[in-house]
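Data block below; observations after.
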Amino acid sequence: NPRELVAYSQYPRPADAPQWNSDKPSLKDIKVMGYSIRTVDYRYTVWVGFSPREFLANFSDVHAGELYFVDSDPWQDHNVYNASQGRALPPPLMP
Amino acid sequence: TDALNVLLIIVDDLRPSLGCYGDKLVRSPNIDQLASHSLLFQNAFAQQAVCAPSRVSFLTGRRPDTTRLYDFNSYWRAHAGNFSTIPQYFKQNGYVTVSVGKVFHPGISSNHSDDSPYSWSLPPYHPSSEKYENTKTCKGPDGELHANLLCPVDVAEVPEGTLPDKQSTERAIQLLEKLRTSAVPFFLAVGYHKPHIPFRYPQEFQKLYPLENVTLAPDPQVPAGLPPVAYNPWMDIRQREDVQALNLSVPYGPIPTDFQRKIRQSYFASVSYVDTQVGRLLSALDGLELARSTIVALTSDHGWALGEHGEWAKYSNFDVATRVPLLVYVPGRTAPLPEAGGRLFPYIDPFASASESMEPGRQAGDLVELLSLFPTLAGLAGLRVPPRCPVPSFHVELCREGRNLLKYFQFGDLEEEPHARG
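So the protein sequences, as listed, match chains A and B.
Residues in the first sequence are numbered from 1 upward in steps of one, following the numbering used here.
Residues in the second sequence are numbered from 1001 upward in steps of one, following the numbering used here.
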């Protein structure tokens, strides 16, 4: 089912706020990793704590989230992640 | 049937701002022509929107969490695992593999060798004029030379009187002429540098995009609900002299709207310039009668934000930074074999009157990942598709984390073509 097809992307950050090396942090400076799940319907991203020594992402340490629905918000300008919290997320969303 | 050759074209930082992806402004007739004979994936995404991590990921078929390359400072064979690459796999299967231009990201991430000798049969070629890319060769309004972001040039005046991508095209054509008579099939990867910054392109291409026709991004403001961690502060373009002179505030800018339109104008002009290079390369492939025996794949390592969400460049998880063009031409499968002497890819001049709209080729709307390039090219060339990776797979040299997309290439109407049966 095309709706179940998923494309994953990720991006590292050195801090929660933008800073001089936010675009290209060196491995040792990575503190947060943004993991995105994309389907034809939405893009869901969680920015979680990341340890560059263990190469481990901590999905219970969520720094921020993004959720955009393709049909109603094709340019991804209206993040509804916070509004979606507290409601059960569809299974494919669970990392 | 003889094994199919493979021509892999990687265009640095190219977002799907192309006619074949529905862009009404951009002139990309040669890539559009390729698309008309190809399968076009409308929703293909990179696994990380920055050069080296994305390239190592799709060339090894492993996710960044497996290559453990999120920056530019490690070589996967030493740092994560001895993962085979697409060219290496073809080389091990009897192909002559050759690299021209920017295929692997240069430097540590490819062992300062473009991963030679593992991946390549011959020493990789890098255009000599690349060393001037970031030097002061851009004529400013003051008539002086600067290291600018916006850098339309008179090619006759730049050092060596040429540009890297022109040299890469010339070299690739020479190699095709040599490889044409080779007894074994070839895997030729050509990496174009543009439209990566600086936007240094032949100044005549600017005429294709008069500023009055260039709009701002549809959503140029930083969205209210965007978490600060998600925002990319586009620090790289700020280092260019013409952007520095704007004295922009960090991290959110904004860039003055007239300069935003100039950036977009130069990005599109760079795309049209690269389109002409792709056109010359494909026309040579055709002229050497290799179009009937060569798979052509064209893609990019990630997209590029052109002001959307108040962002520029890549470095984020937004679709504009991760979505890439992905076109695959398979002779006799995505298009009928060209008649003897027939032309599939005649060069099209983007300056000629707006070329009649190209007949679209086959399209697939399903989401796909750049990771799938490895298994799919292997399968289309008739090689054994590497097995799925176990988790974790650091200890496994040959496996794939991406889906094999071969099922999208099963078209009933062309099945009788010999290569299709292959």
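Where is the CB? At the ideal position from N, CA and C, for every residue including glycine.
Quick caveat: nothing in here was measured; it's all calculated off a predicted structure.
In the assembly as shown, A:Pro18 is a buried residue. Its beta-carbon has 16 or more other beta-carbons within 10 Å. Residue-level contact by beta carbon holds for A:Asn82 and chain B, with a gap shorter than 9 Å.
In the DSSP secondary-structure assignment, A:Met33 is bridged to A:Pro12, A:Val48.
Distance from the Cα of B:Leu1226 is smallest, within the candidate group A:Ser84, A:Tyr11, A:Ala64, for A:Ala64. DSSP places B:Val1278 within a helical segment (H, G or I) once states are collapsed to three. Counting only runs of 4 or more residues that sit fully inside the stretch 41-85 of chain A, the alpha helix (DSSP H) segments are 81-84, in chain order. In the three-state reduction of the DSSP assignment, B:Tyr1075 falls in the coil class, being assigned neither a helical nor a strand state.
Annotated as distal: B:Lys1166 and B:Val1153, with beta-carbon spacing of 9 Å or more. With respect to chain A, the C-beta atom of B:Ala1078 has no partner C-beta closer than 9 Å.
Using a Cβ-Cβ cut-off of 9 Å, B:Asp1275 does not count as an interface residue toward chain A, since no Cβ of chain A sits closer than that to its own. Below 8 Å, enough C-beta pairs join the stretch 1048-1065 of chain B and the stretch 1368-1375 of chain B to call them touching: three or more.
For B:Val1278 against B:Ile1031, the beta-carbon gap comes to about 6 Å, under 8 Å, which counts as contact. In this chain, the beta strand (DSSP E) harbouring B:Pro1202 covers 1199-1202. Taking 9 Å as the cut-off, the beta carbon of B:Gly1361 is found no closer than this to the beta carbon of B:Ala1044.
A:Ser51 has a beta carbon lying at 9 Å or more from every beta carbon in chain B. Secondary structure of B:Lys1407 (DSSP, three-state): helix. The beta carbon of B:Asn1073 lies closer than 8 Å to those of Ile1108, Ser1109 in the same chain, with the five residues before and after it left out.
Within the stretch 1205-1229 of chain B, Ala1217, Pro1218, Asp1219, Gln1221, Pro1223, Ala1224, Gly1225, Leu1226, Pro1227, Pro1228, Val1229 place their CB atoms closer than 9 Å to a CB of chain A, listed in sequence order. In the DSSP assignment, the residues bridged to B:Phe1186 are B:Val1096. By the 16-neighbour rule on beta-carbons within 10 angstroms, B:Val1184 is exposed. Residues of the same chain with a CB within less than 8 Å of the CB of A:Asn58, apart from the 5 flanking positions on each side, are Val48, Gly49, Phe50, Ser51 in chain order.
By the Cβ criterion, the stretch 1217-1232 of chain B is not in contact with the stretch 1265-1276 of chain B, since fewer than three pairs of Cβ atoms, one from each stretch, lie closer than 8 Å. Rounded to the nearest angstrom, the gap between the Cα atoms of A:Asp41 and A:Val70 is 5 Å.
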